[in-house]
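> Count along the sequence shown from 1, add 263, and you get the number used in the working numbering. Take a look at the following structure, please.
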Amino acid sequence: MGLFFDVLSAVNNPQQAASVEQLGGLTQELQQVAGKFGLDAQGTQTALSALSSQLRPALRQQVQSGSLDLGALAGQVMGAASGGNLGALSSLLPPEAQSAVLQGVAGKTGLNASQLEGLIPSLLPIVMKFFNLGAGAPGGMAGMAQNPLLKQFLDSDRDGDVDLGDVFKFAGRFLNGPGAA
(Lines of atoms letter the chains of each structure in order from A and count residues from 1; the text may use other names and numbers.)
(Lines give C-alpha, C1' and ligand atoms only; values in the text may rest on other atoms or scores of the structure.)
Protein backbone atom coordinates (compact mmCIF):
# COMPACT_ATOMS: atom_id res chain seq x y z
CA MET A 1 0.00 0.00 0.00
CA GLY A 2 3.04 2.27 0.25
CA LEU A 3 2.81 3.35 -3.37
CA PHE A 4 -0.86 4.29 -3.09
CA PHE A 5 -0.18 6.25 0.11
CA ASP A 6 2.50 8.12 -1.81
CA VAL A 7 -0.14 8.96 -4.45
CA LEU A 8 -2.39 10.38 -1.74
CA SER A 9 0.54 12.30 -0.24
CA ALA A 10 1.36 13.75 -3.67
CA VAL A 11 -2.26 14.84 -4.09
CA ASN A 12 -2.14 16.60 -0.72
CA ASN A 13 1.30 18.18 -1.22
CA PRO A 14 1.26 21.54 -3.02
CA GLN A 15 4.95 21.01 -3.86
CA GLN A 16 3.99 18.07 -6.11
CA ALA A 17 2.13 18.07 -9.40
CA ALA A 18 -0.63 15.60 -8.44
CA SER A 19 -4.30 16.44 -8.00
CA VAL A 20 -7.49 14.47 -7.48
CA GLU A 21 -8.59 15.57 -10.94
CA GLN A 22 -5.44 14.17 -12.55
CA LEU A 23 -5.82 10.89 -10.68
CA GLY A 24 -9.46 10.72 -11.76
CA GLY A 25 -8.47 11.44 -15.35
CA LEU A 26 -5.95 8.60 -15.31
CA THR A 27 -8.48 6.13 -13.95
CA GLN A 28 -10.94 7.21 -16.65
CA GLU A 29 -8.29 6.76 -19.34
CA LEU A 30 -7.56 3.32 -17.97
CA GLN A 31 -11.25 2.39 -18.04
CA GLN A 32 -11.49 3.55 -21.66
CA VAL A 33 -8.48 1.45 -22.65
CA ALA A 34 -9.90 -1.54 -20.81
CA GLY A 35 -13.22 -1.15 -22.59
CA LYS A 36 -11.52 -0.84 -25.96
CA PHE A 37 -9.73 -4.16 -25.42
CA GLY A 38 -12.64 -5.93 -23.72
CA LEU A 39 -10.95 -6.19 -20.33
CA ASP A 40 -12.88 -6.28 -17.10
CA ALA A 41 -11.51 -4.69 -13.90
CA GLN A 42 -9.61 -7.86 -12.95
CA GLY A 43 -8.10 -8.25 -16.42
CA THR A 44 -7.01 -4.62 -16.44
CA GLN A 45 -5.44 -4.99 -13.00
CA THR A 46 -3.64 -8.14 -14.11
CA ALA A 47 -2.31 -6.45 -17.26
CA LEU A 48 -1.04 -3.45 -15.29
CA SER A 49 0.49 -5.70 -12.65
CA ALA A 50 2.27 -7.77 -15.28
CA LEU A 51 3.45 -4.68 -17.11
CA SER A 52 4.72 -3.06 -13.91
CA SER A 53 6.67 -6.16 -12.91
CA GLN A 54 8.37 -6.08 -16.32
CA LEU A 55 9.01 -2.31 -16.33
CA ARG A 56 10.41 -2.03 -12.81
CA PRO A 57 13.83 -3.61 -13.55
CA ALA A 58 14.25 -1.61 -16.76
CA LEU A 59 13.41 1.70 -15.10
CA ARG A 60 15.55 0.84 -12.07
CA GLN A 61 18.50 0.19 -14.37
CA GLN A 62 17.99 3.54 -16.13
CA VAL A 63 17.85 5.38 -12.79
CA GLN A 64 21.00 3.63 -11.54
CA SER A 65 22.88 4.51 -14.72
CA GLY A 66 21.70 8.11 -14.48
CA SER A 67 20.06 7.94 -17.89
CA LEU A 68 16.42 8.26 -16.82
CA ASP A 69 14.83 11.63 -17.56
CA LEU A 70 11.20 10.96 -16.70
CA GLY A 71 9.87 14.04 -18.50
CA ALA A 72 11.70 13.26 -21.73
CA LEU A 73 10.84 9.57 -21.46
CA ALA A 74 7.17 10.35 -20.90
CA GLY A 75 7.16 12.51 -24.03
CA GLN A 76 8.83 9.77 -26.07
CA VAL A 77 6.41 7.11 -24.81
CA MET A 78 3.35 9.24 -25.43
CA GLY A 79 4.55 10.26 -28.88
CA ALA A 80 5.33 6.68 -29.88
CA ALA A 81 2.11 5.37 -28.36
CA SER A 82 0.03 7.83 -30.35
CA GLY A 83 0.99 5.77 -33.39
CA GLY A 84 -0.63 2.76 -31.71
CA ASN A 85 2.42 0.55 -32.05
CA LEU A 86 5.03 -1.00 -29.83
CA GLY A 87 7.45 1.85 -30.56
CA ALA A 88 6.43 3.23 -27.16
CA LEU A 89 8.03 0.19 -25.57
CA SER A 90 11.27 0.96 -27.41
CA SER A 91 11.48 4.23 -25.48
CA LEU A 92 11.60 2.28 -22.24
CA LEU A 93 13.36 -0.96 -23.02
CA PRO A 94 16.15 -2.23 -25.19
CA PRO A 95 14.97 -4.58 -27.98
CA GLU A 96 16.06 -7.75 -26.18
CA ALA A 97 13.95 -6.86 -23.13
CA GLN A 98 10.84 -6.03 -25.16
CA SER A 99 10.07 -9.65 -26.02
CA ALA A 100 10.43 -10.57 -22.34
CA VAL A 101 7.86 -7.90 -21.46
CA LEU A 102 5.43 -9.16 -24.10
CA GLN A 103 5.87 -12.78 -22.98
CA GLY A 104 5.55 -11.83 -19.32
CA VAL A 105 2.35 -9.84 -19.84
CA ALA A 106 0.94 -12.52 -22.18
CA GLY A 107 1.71 -15.25 -19.66
CA LYS A 108 -0.07 -13.45 -16.84
CA THR A 109 -3.05 -12.15 -18.80
CA GLY A 110 -3.66 -14.81 -21.43
CA LEU A 111 -3.83 -12.11 -24.11
CA ASN A 112 -2.41 -12.92 -27.52
CA ALA A 113 0.32 -10.99 -29.34
CA SER A 114 -2.05 -8.93 -31.48
CA GLN A 115 -4.03 -7.83 -28.43
CA LEU A 116 -0.83 -6.86 -26.61
CA GLU A 117 0.45 -4.90 -29.59
CA GLY A 118 -2.47 -2.54 -29.09
CA LEU A 119 -2.88 -2.77 -25.32
CA ILE A 120 0.69 -2.04 -24.20
CA PRO A 121 1.07 1.17 -26.22
CA SER A 122 -2.26 2.26 -24.73
CA LEU A 123 -1.19 1.49 -21.15
CA LEU A 124 2.30 2.99 -21.26
CA PRO A 125 1.22 6.65 -21.50
CA ILE A 126 -1.10 6.12 -18.52
CA VAL A 127 1.78 4.63 -16.54
CA MET A 128 4.08 7.54 -17.44
CA LYS A 129 1.41 10.11 -16.52
CA PHE A 130 0.98 8.26 -13.23
CA PHE A 131 4.68 8.62 -12.43
CA ASN A 132 4.51 12.30 -13.35
CA LEU A 133 1.99 12.78 -10.54
CA GLY A 134 4.97 12.55 -8.19
CA ALA A 135 6.98 15.21 -9.98
CA GLY A 136 7.53 18.57 -8.38
CA ALA A 137 5.05 21.31 -9.04
CA PRO A 138 6.40 24.37 -10.85
CA GLY A 139 8.59 26.16 -8.33
CA GLY A 140 8.58 23.09 -6.10
CA MET A 141 10.77 20.01 -5.91
CA ALA A 142 13.03 19.09 -8.79
CA GLY A 143 14.80 15.98 -10.00
CA MET A 144 14.14 12.26 -10.05
CA ALA A 145 15.32 11.77 -6.48
CA GLN A 146 12.40 13.92 -5.38
CA ASN A 147 9.70 11.91 -7.16
CA PRO A 148 8.31 9.71 -4.37
CA LEU A 149 6.02 7.72 -6.67
CA LEU A 150 8.80 6.60 -8.95
CA LYS A 151 11.15 6.11 -6.01
CA GLN A 152 8.63 3.90 -4.16
CA PHE A 153 7.90 1.93 -7.33
CA LEU A 154 11.58 1.30 -7.99
CA ASP A 155 12.59 0.66 -4.38
CA SER A 156 9.84 -1.83 -3.68
CA ASP A 157 10.77 -5.01 -1.87
CA ARG A 158 9.34 -7.00 -4.79
CA ASP A 159 7.00 -8.95 -2.55
CA GLY A 160 4.19 -8.44 -5.03
CA ASP A 161 1.79 -6.90 -2.53
CA VAL A 162 1.38 -3.54 -4.30
CA ASP A 163 1.97 -2.76 -7.94
CA LEU A 164 0.41 -0.47 -10.53
CA GLY A 165 -2.62 -2.75 -10.88
CA ASP A 166 -3.30 -2.45 -7.16
CA VAL A 167 -2.69 1.31 -7.18
CA PHE A 168 -5.30 1.88 -9.86
CA LYS A 169 -7.73 -0.42 -8.04
CA PHE A 170 -7.26 1.62 -4.85
CA ALA A 171 -7.52 4.86 -6.84
CA GLY A 172 -10.89 3.75 -8.19
CA ARG A 173 -12.07 2.99 -4.68
CA PHE A 174 -10.74 6.31 -3.42
CA LEU A 175 -12.45 8.26 -6.19
CA ASN A 176 -15.69 6.28 -6.38
CA GLY A 177 -16.19 4.78 -2.94
CA PRO A 178 -15.51 1.36 -1.43
CA GLY A 179 -17.67 -0.59 -3.91
CA ALA A 180 -15.59 0.49 -6.91
CA ALA A 181 -13.09 -1.88 -8.51
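All C-beta atoms, glycine included, are put in the ideal place defined by N, C-alpha and C.
Classify Pro277 as buried or exposed, calling it buried when 16 or more other Cβ atoms lie within 10 Å of its own Cβ.
exposed
> Could you give the residue range of the alpha helix (DSSP H) that holds Asn275?
Counting along the chain, Asn275 sits inside the alpha helix (DSSP H) bounded by residues 265-275.
> Could you tell me the alpha carbon to alpha carbon distance between Gly440 and Gln361, rounded to whole angstroms?
So the two alpha carbons sit approximately 37 Å from each other.
> Using 7 Å as the threshold, is the C-beta distance between Leu412 and Arg323 below it?
no
> Does the separation of the CB atoms of Lys371 and Ala313 fall below 7 Å?
yes
> Around the Cβ of Pro384, are there at least 16 other Cβ atoms within 10 angstroms (buried) or fewer (exposed)?
buried
> Comparing alpha-carbon positions, which option in Val430, Val274, Gln305 lies nearest Ile389?
Val430
> Once you ignore the five residues that flank Asp426 on each side, which residues in its own chain have a CB closer than 6 Å to its CB?
Ser312, Ser315
> With C-beta atoms as the reference, is Leu396 less than 7 Å away from Ala273?
Their beta carbons are under 7 Å apart, which means Leu396 touches Ala273 by this criterion.
> In three-state DSSP terms, what is Gln279?
strand
> Ignore the nearest five residues each way along the sequence and tell me which others in Leu302's own chain have a CB closer than 6 Å to its CB.
none
> Thinking C-beta only, is Gly435 closer than 7 Å to Thr307?
no
> Give the DSSP-derived three-state secondary structure of Gly428 in the structure shown.
helix
> Report all residues from its chain with a CB closer than 7 Å to the CB of Gln285; omit the five preceding and five following residues, and keep chain order.
Leu396
> Near Lys414, which residues of its chain fall below 6 Å by C-beta distance, leaving aside the five closest residues on each side in sequence?
none
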